[in-house]
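K.L.:
One structure, as structure tokens, below. Some questions next.
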Amino acid sequence: MKRIILFAIALFIFSHSNAQNAIKTTVKGSGKPVLLLPGFASDHTVWDSVVTEFNDHNELHLVNYAGFGQVQSIDSLWLPRVLKEIKSYIAQNNSEEWTVVGHSMGGTIATWLAAQENLNIKQVVVIDGLPGTAALMFPGVDPSTLTYDSPYNNQMLTMTDEQFNQMAVMMAQGMTSSPEHQNLVAKSIKKCDRKTYVHGYTDYLKLDVRPLLKQITVPVTIIAAGLPYGVDAATQTYKKQYSNLKNYDFHIKADSKHFIMYDAPNWLNEKLHAILDL
-15 MKRIILFAIA LFIFSHSNAQ NAIKTTVKGS GKPVLLLPGF ASDHTVWDSV
35 VTEFNDHNEL HLVNYAGFGQ VQSIDSLWLP RVLKEIKSYI AQNNSEEWTV
85 VGHSMGGTIA TWLAAQENLN IKQVVVIDGL PGTAALMFPG VDPSTLTYDS
135 PYNNQMLTMT DEQFNQMAVM MAQGMTSSPE HQNLVAKSIK KCDRKTYVHG
185 YTDYLKLDVR PLLKQITVPV TIIAAGLPYG VDAATQTYKK QYSNLKNYDF
235 HIKADSKHFI MYDAPNWLNE KLHAILDL
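The numbering used here applies: residue -15 is where the sequence shown begins, and numbers increase by one.
Below you can see the structure in the form of structure tokens.
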């Protein structure tokens, strides 16, 4: 009996130590802690210009998500596990106040974190991210009803690599202006684990932070892109999406597409200096 118990304990320890993580972090620089969350299908390299600018005076914690080229994919519950592990990461390093900066989906996660209890978050910066993306893409649809098993998802899963790569190139053209950066975005999409990309995006659409915005008490800065829809349309979208957030600072770059760190790095760093240098 004793031998069986010891074997069970050893098996548990082995399984736990070999459990695949949903995130991986890399720390660069020293100073005030800043958590940098990339968007969907992106990795930490999107922050290269920010790291170069700020690592002398800030401790930058760069996050990579499972399945997006830098971290091995996980079997299921992708975004719920990502959220849980990021929250735990902050909680385990809670001795100093955190600034959380997120791009796109990373911005959605940043506002979700700010709405959680007992996390030592000083402020949040959202870079072209919405709290309820599904409401923009599918108006009137309850995001909780979205499922993995859908015609669109099944089509995405059965695409050939060539078809998927062509789609990635087309998507990248709408997200950043220069061919060089379009190539970077397309490469990032292409190296994603296909199941993570497809089911993970469903997870993302199901995440609706809008009802939680009322719980946020820390300063929030939203930095938006004016392209492709124009400043007026983008501004109205943000006002509607963030209507439950009491106060926030809003900046918009009229001639930038979604990846502002690529299209307007100096402008973005100027805005971040005003926040991080406080």
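Backbone N, C-alpha and C fix where the C-beta goes; we use that ideal spot for every residue, glycine too.
Here the structure is a predicted model, which is why all the values come from computation and not from measurement.
1. At what residues does the beta strand (DSSP E) containing F234 begin and finish?
2. I236 and T219 look like a contact to me (Cβ under 8 Å); what is the Cβ gap, rounded to whole Å?
3. Indicate the three-state DSSP secondary structure (helix, strand or coil) for L229 in the structure shown.
4. Would you check if there are 3 or more beta carbon pairs closer than 8 Å linking the segment 171 to 185 to the segment 122 to 141?
5. Would you mind reading off the limits of the beta strand (DSSP E) that contains Y49?
6. Should the segment 19 to 32 be regarded as contacting the segment 80 to 89, the criterion being three or more beta carbon pairs within less than 8 Å?
7. Quick check: the segment 6 to 14 against the segment 49 to 62, are at least 3 beta-carbon pairs closer than 8 Å?
8. Where does T221 sit, in a helix, a strand or coil, going by DSSP?
9. From T205 to W82, what distance separates their C-alpha atoms?
10. Which residue wins for smallest C-alpha separation from T129, given the options L189, V35, D216 and F243?
11. Report the three-state DSSP secondary structure of G86 (helix, strand or coil).
12. By the three-class DSSP mapping on this structure, what secondary structure does Q107 have?
13. Note down the Cα distance separating Q157 from N78, rounded to an integer number of angstroms.
14. Pick helix, strand or coil for I207, following the three-state DSSP scheme.
15. Looking at the secondary structure, which residues open and close the beta strand (DSSP E) in which T10 lies?
P.N.:
In terms of the structure at hand:
1. Here the beta strand (DSSP E) through F234 covers D233 to K237.
2. With a Cβ gap of about 6 Å, I236 and T219 count as contacting.
3. DSSP places L229 in coil when its eight states are reduced to three.
4. Yes, they touch.
5. Unbroken beta strand (DSSP E) run through Y49: N42 to Y49.
6. The segment 19 to 32 is in contact with the segment 80 to 89.
7. With the rule of 3 Cβ pairs closer than 8 Å, the segment 49 to 62 counts as touching the segment 6 to 14.
8. In the structure shown, T221 sits in a helix (DSSP, three-state: H, G or I).
9. Between the alpha carbons of T205 and W82 lies a distance of about 14 Å.
10. Out of L189, V35, D216 and F243, L189 has the C-alpha closest to the C-alpha of T129.
11. G86: strand per DSSP, three-state reduction.
12. Of the three classes helix, strand and coil, the one that applies to Q107 here is strand, per DSSP.
13. Note on geometry: alpha-carbon atoms of Q157 and N78 lie some 39 Å from one another.
14. Strand, per DSSP.
15. DSSP places T10 inside the beta strand (DSSP E), whose first and last residues are I7 to K12.
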